[in-house]
Each structure stands twice: as C-alpha cells, then as structure tokens.
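Q: Straight run, no breaks: the sequence shown in the numbering used here ends on number 260.
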Amino acid sequence: MIGLDFGFGPLEAEFWRFMFVMTRIGAALFAAPLFGATAVSSQVRVMLAGAIAVLVCSWTHVSAPPALLSLSGLVVLAGEVVIGLAIGFVMQLSFAAPVLGAELIGAGMGMSIAASADPINGAHGAIFGQYFSVVLTLLFFGLGAHLDWISLLVESYRTFPPGTPWMTPDRLHMIDVFAGDLFLAGLSIALPVIVLLFVVQVVTGIIGRSAPALNLMALGLPAGVLAGIGALIVSAPLIGDRMAQLAHTAVAQSAALLVK
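Here it is, written out as structure tokens:
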C-alpha cells in the first residue's frame, strides 16, 4: 500500500487505512477550539482521533491511496489535512466571537488591564473573555453540539471521500463571510453593555463639566464598572440566548463547508 511490506498482509493494509482516516480527523481536532486547546494533551487528541477513525472505518468504505508515500498519495493526504483544518477553524471563529465582545466590554468598563492566564488557550486574556468562553463551552456541550460536530466529521467522508476536490474559490469566500459574521456576533453580544456604558460616560462627562472640582477619574471609573456589571446581570438572558445560537452556528458553518 505504501511501498513497504512488513509481511502482515490484510492486517497491514487495514492499519494503513486506519492511519489515513485519522489524518482528517486529527487535523480537525487540532484546529477545533475545545479539542485543540492547550489544556488538552496530544495523547488525548490522538486517542479521540483514533476512536472516531474506528467509527469511520466501520461505517464507510474509505480506502487509502494505493501508494500513500508517492507524490499522488501525499497530495491526497494534504487534501485531507486541509479539509480537517477548515472544519475545525470555522468552529474556532464562532468561539472567538464572545472573546471579541468581551474585549469591547472590558475596554468600555476600563478593565482591559485586568487580565489573567487563560488555561484553555494557553495565553493571557481578559477576565470577561474567559467568562464568556466558559459559558459558551458549557452550552456547547450541554446542547449536544459536540456530538453533532463529530457526526458531521464522520459524514464528511461520505460527502467528500478522500481524493475528491474540495478547495474552491466559493468555499474560501464562505470562510471569509464566516469571519465577517464573527465581528457581528461579537458586537451583538457587547452592544447592550456598550450602550449603557456610553450613557454613563456621557453623564459623567456632563457632571465633570458642570462641577470641575470633582475628580472625574475617581467618579467615572467606579461608575463605569458598576454600570457594566449591572448591564451584564440584566442582559444575562439575552447573552445566554446569543451564546446558544453561537453553539449551533459553529456546527452549521462547519456543515456549510461540506455541501456539494
């Protein structure tokens, strides 16, 4: 199958088929926001990719290229990696929307300097960004969207078997459109809080102009923080509904890339 023969016959052929199927799955898990997080070890991702590959090998008739290490075989292998990365990256866009909204909220409240280590992404992020990420993660698993995404990953082998042309200008344009929707989703999450913070800042500015003796920084910063926290509490149901919609959008956008 790959130009090498270890003398195991059909068992060896099935092994290389299994390894080939793991390519697309492993690339998707690597690019996905939850399965590809820094906190998830590579051993866990390999085991998860192997478990899904067993399902694919059992439920589909995917076969590896006859010469996997040849030029044509490596081209097919690269195509599998591209498909997997695209499926995971599109879901990554949906999970980045709450972080973008949190950055806008934190900047309006004057809490952009309050950052802490993010164990999920392995970097420093805003406090509200981590809060929104945790909420979206809980909703994603609670609504069963992760099962839909894994099912979509398995069905992708029926829709686009290995070797089928996938990358077209239309699909690249779809990814650009999804990235634009990311900014709109982040703005819709932060808009209720930003509007209230704008009103508070305008009122604080008017008070500062009418009473110059007042310390504007000592008055405006606590007022902005309290108003922001109050707005987050009041708009919590709206933000929760928007997060649930994002969880479904993450799967829907990945499915849109696999439509012929």
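Where is the CB? At the ideal position from N, CA and C, for every residue including glycine.
Taking the CB atoms as reference points, tell me whether L182 and V251 lie closer together than 8 Å.
A: Result no, Cβ atoms of L182 and V251 do not sit closer than 8 Å.
Q: Since P237 is in the alpha helix (DSSP H), which residue starts that stretch and which ends it?
A: That run of the alpha helix (DSSP H) goes 236-256.
Q: Which stretch, first to last residue, makes up the alpha helix (DSSP H) that contains V90?
A: From DSSP, the alpha helix (DSSP H) with V90 extends over 71-109.
Q: In three-state DSSP terms, what is P192?
A: P192 falls in the helix class under three-state DSSP.
Q: What first and last residue would you give for the alpha helix (DSSP H) that runs through V54?
A: Per DSSP, V54 belongs to the alpha helix (DSSP H) from 42-59.
Q: If we count the other Cβ atoms within 10 Å of its Cβ and call it buried at 16 or more, is P33 buried or exposed?
A: By the 10 Å Cβ count, P33 comes out buried.
Q: Are there 16 or more other CB atoms within 10 angstroms of the CB of H173, so buried, or fewer, so exposed?
A: The residue in question, H173, is exposed, as its Cβ has fewer than 16 Cβ neighbours within 10 Å.
Q: If I measure Cβ to Cβ from W166 and keep anything under 6 Å in the same chain, skipping five residues before and after, which residues do I get?
A: I83, F160, listed in sequence order.
Q: Between which two residues does the alpha helix (DSSP H) holding A145 run?
A: Its alpha helix (DSSP H) spans residues 145-159.
Q: Please list the terminal residues of the continuous alpha helix (DSSP H) segment that includes T164.
A: Element bounds for T164: n/a, residue is neither H nor E.
Q: Give me, in chain order, the residues of the same chain whose beta-carbon lies closer than 8 Å to that of A231; leave out the 5 immediate sequence neighbours on both sides.
A: P192, V193, L196, L197.
Q: Do you know whose CA, among E103, C57, A13, A190, lies nearest L238's CA?
A: Among E103, C57, A13, A190, the Cα nearest to that of L238 belongs to A190.
Q: Are M91 and G228 close, meaning C-beta to C-beta below 8 Å?
A: Not in contact: M91 and G228 (Cβ atoms no closer than 8 Å).
Q: Got a sec, what are the start and stop residues for the alpha helix (DSSP H) T137 sits in?
A: Start and end: 127-142.
Q: Assuming R158 contacts L257 under a Cβ cut-off of 8 Å, what Cβ separation, rounded to an integer in Å, is found between them?
A: The Cβ separation is near 15 Å, so there is no contact.
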